[in-house]
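First comes the structure, then the notes that go with it.
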Amino acid sequence: MEISKGIFPLSTVALAIIAASTVFTAQAKENTTDEQMVVVSSRTPKAISDIPGTVWYIDADKIEQEYRGGKTLGDILASAIPSLDVSSGARTNLGQNLRGRKMLVMIDGVSLQSSRSISRHLDSIDPFNIESIEVLSGATSIYGAGATGGVINIITKKAQSEELEFESYVSGSSGFNSSEDFDYKLAQSVSGGNETVKARSAIVYTETQGFFDANGTIVTPDISQGSLQFNKTVDFLTTVGVNVSESKKLNFLAQYYDSQQDSPYGLHIVGSDFIDVRKGFESDRQHGTNRIMLSASYVDEQFLNHQLIAEASYRKEDQTYSPYYQSSGQQITDVISLKAALAKSFDSFKVVYGVDAYQDKLESNQALYDPTIANDSGNMINKTYAQVGRYPGVEVNSVAAFAQADYSITDNWTVEGGVRYQHLSNKIDDFVAYNVQKQIASGNGTSADAVPGGETDYGVTLFNLGTIYHLNNVSQVWANFSQGFDLADPAKYYGQGDYTRLAITGNLTIALTSMILRCLGLRPTAMS
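The opening residue of the sequence shown carries number 508 in my numbering; numbering runs sequentially from there.
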């Protein structure tokens, strides 16, 4: 493997592409202090020693060391964060929990959460494009739904100099089992700019082949959540920073991420019995993740005597599955998000308050494969003969307001607290049950009544409270109380198509999972 970097003078940069990075993370880097500053705990830069909670920071050197050793993002996080479960090495992070619960994953402050949780949040960016990672362990009420286990904020690489810089990376690995046992990665970035504009653009191409055991036998593919065998990944990321004035900044981010499997190996199934793994597998649809993400952020350090931080983002995901049994799904998510926060500091009092909102739309379908072809081939060949709906269309709209304050009682004792109110509305489209659609597609009927959809809305209020006391110059004790909650999966729940509950129209019921976290800790004052 090889990493090379080059630097050349550059007076101007002309870019004809939209790109950017959110300023939430950029602000932390610009803060001059010997201590590491993070934004994951309060949405504004804050020293780790001022946070009454467990915070982990993974820097660029650690990330580079790990990915040069062939580790995935999930592996890197698991090795660095004690409270994070071990990675399965697959496409999914299902079961890889933070403190035993689900984690909220963000890229430069943009959440990867969706109403239909598919657990592919770590199949989202190549480590070559990551500058650092901030992890807040434990439930938090700052970000609302989906953060009962904690928050992982991935910080992307940005242009650090006005000079033209190139970074190249080449790596390869093999277990020498066969010609189908060779993985490699190629990556190239270019960055530079001037006093007004700085930009970085990078592309990473990764190809993995088969995974073999010690006896040279192909590892059985994971057909449920997705294997990364025989997979090709492209990660194209561009970030741009614009200094509008001394106190005003714009940041942009654009990412195209595509990870697709094309495996020649499949499960040979006769009837309902699994026989073995064989070569010769063909399917019109296999596991894949395709994502387009755009974000724009604005910071004004002197907005009505406050610091203003505003962000808008768009994310579109297209996720597919491998066939089992004789069908496979596709789920398409569109998310638009808006955020705004104001921060103000007094002598011993600091406050951050703001609003955020998002709209999340889900569409899905199921490809049905010709049963004659599938059965004759032992389910090794899957050709689509029909496509039906998998889940009802779902639209989730959320608006939230929050406030977080810190107060220094003495030089050694600080308390903080916050509140967040989130109002959500869910709309479920009318739909025909999936199993009924399958029967119609196979010729056992021509039409069916739709299960009526409906709407519901509700509000959730969350609180947090924490304190830090410096025992001496080298140690401190902290304690906190925080609330969090997870949403139910409305698409999966109502997608069963229960015709005995036609009266649900206009009055859907959504169940919430909530939790309360209480923590007490002791740590050195200086942390990194």
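Using N, Cα and C, we set each Cβ at its ideal position, and we do this for glycine too. Just so it is clear, the structure is predicted and the values come from calculations on it, not from any experiment.
Close-in-space but distant-in-sequence residues of the same chain around residue i (CB under 6 Å, 5 per side omitted)
i: residue 820; result: 617, 802 and 844
i: residue 687; result: 716 and 717
i: residue 610; result: 656, 657 and 659
i: residue 1028; result: 985
i: residue 727; result: 784
i: residue 612; result: 619, 628 and 659
i: residue 692; result: 678 and 713
i: residue 800; result: 762 and 822
i: residue 793; result: 768 and 829
i: residue 908; result: 862 and 928
i: residue 977; result: 919 and 983
i: residue 680; result: 577 and 690
i: residue 987; result: 559, 560, 973 and 1026
Classification of residue i by the beta-carbon crowding that lies within 10 angstroms, buried from 16 upward
i: residue 776; result: buried
i: residue 561; result: buried
i: residue 1010; result: For residue 1010, the predicted model reports a pLDDT of 42, less than 50, meaning its position is unreliable; a value from the coordinates is still stated below. Answer is exposed; the Cβ neighbour count stays below 16.
i: residue 1088; result: Only positions 508 to 1035 of the chain appear in the structure, and residue 1088 is not among them; the question remains open.
i: residue 919; result: exposed
i: residue 1023; result: exposed
i: residue 838; result: buried
i: residue 883; result: exposed
i: residue 572; result: exposed
i: residue 703; result: exposed
i: residue 809; result: exposed
i: residue 786; result: exposed
i: residue 778; result: exposed
i: residue 701; result: exposed
i: residue 734; result: buried
Integer-rounded CB distance, given that residue j should sit under 8 Å from residue i
i: residue 705; j: residue 669; result: 7 Å
i: residue 639; j: residue 659; result: No, residue 639 and residue 659 are not in contact; Cβ-Cβ is about 11 Å, not under 8 Å.
i: residue 767; j: residue 739; result: 6 Å
i: residue 707; j: residue 761; result: Their Cβ separation, rounded to whole angstroms, is 11 Å, which puts residue 707 and residue 761 out of contact at 8 Å.
i: residue 742; j: residue 711; result: 4 Å
i: residue 747; j: residue 759; result: 5 Å
i: residue 911; j: residue 556; result: Going by Cβ atoms, the distance from residue 911 to residue 556 rounds to 17 Å, so no, they are not a contact pair.
i: residue 914; j: residue 970; result: No, residue 914 and residue 970 are not in contact; Cβ-Cβ is about 16 Å, not under 8 Å.
i: residue 889; j: residue 833; result: 7 Å
i: residue 991; j: residue 685; result: No, residue 991 and residue 685 are not in contact; Cβ-Cβ is about 47 Å, not under 8 Å.
i: residue 850; j: residue 859; result: 5 Å
i: residue 961; j: residue 899; result: Contact flag wrong, Cβ pair sits at about 10 Å.
Backbone CA spacing between residue i and residue j [nearest angstrom]
i: residue 551; j: residue 879; result: 59 Å
i: residue 931; j: residue 903; result: 7 Å
i: residue 867; j: residue 836; result: 19 Å
i: residue 773; j: residue 597; result: 16 Å
i: residue 997; j: residue 981; result: 49 Å
i: residue 651; j: residue 917; result: 31 Å
i: residue 995; j: residue 963; result: 13 Å
i: residue 1025; j: residue 654; result: 15 Å
i: residue 928; j: residue 829; result: 40 Å
i: residue 957; j: residue 795; result: 30 Å
i: residue 972; j: residue 591; result: 24 Å
i: residue 697; j: residue 952; result: 58 Å
i: residue 771; j: residue 936; result: 38 Å
i: residue 804; j: residue 906; result: 19 Å
i: residue 675; j: residue 875; result: 43 Å
i: residue 989; j: residue 922; result: 14 Å
i: residue 807; j: residue 872; result: 44 Å
i: residue 577; j: residue 826; result: 25 Å
i: residue 840; j: residue 644; result: 27 Å
i: residue 494; j: residue 812; result: In this structure the chain extends from 508 to 1035, so residue 494 is not present and cannot be described.
i: residue 765; j: residue 632; result: 10 Å
i: residue 537; j: residue 744; result: Note on residue 537: pLDDT 44, under 50, position unreliable in the model; the coordinate value appears next. Whole-angstrom Cα-Cα distance: 22 Å.
i: residue 587; j: residue 887; result: 40 Å
i: residue 724; j: residue 625; result: 30 Å
i: residue 824; j: residue 621; result: 10 Å
i: residue 1000; j: residue 870; result: 15 Å
i: residue 924; j: residue 636; result: 34 Å
i: residue 559; j: residue 607; result: 20 Å
i: residue 891; j: residue 790; result: 8 Å
i: residue 788; j: residue 736; result: 13 Å
i: residue 948; j: residue 842; result: 31 Å
Contacts around residue i, its chain only, beta-carbon distance under 7 Å, and the 5 residues preceding and following it disregarded
i: residue 780; result: none
i: residue 540; result: Interpretation of residue 540 is limited by its pLDDT of 46, a score under 50 that renders its predicted location unreliable; no figure is taken from the coordinates.
Closer than 7 Å: residue i CB and nearest the ligand SAH heavy atom
i: residue 958; result: In the structure on display, the ligand SAH does not appear, and there are no ligands present to speak of.
Same chain, Cβ closer than 8 Å to residue i, neighbours up to 5 away in sequence not counted
i: residue 470; result: As displayed, the chain neither begins before 508 nor continues past 1035, which places residue 470 out of reach and without an answer.
- Task: Would you check if the stretch 706-720 and the stretch 799-819 touch, i.e. whether three or more CB-CB distances between them fall below 8 Å?
- Result: no
- Touching by the beta-carbon criterion (3+ pairs, under 8 Å), the stretch 844-863 and the stretch 890-902: no
- Could you tell me whether the stretch 963-977 touches the stretch 939-949, where touching means 3 or more Cβ pairs closer than 8 Å? no
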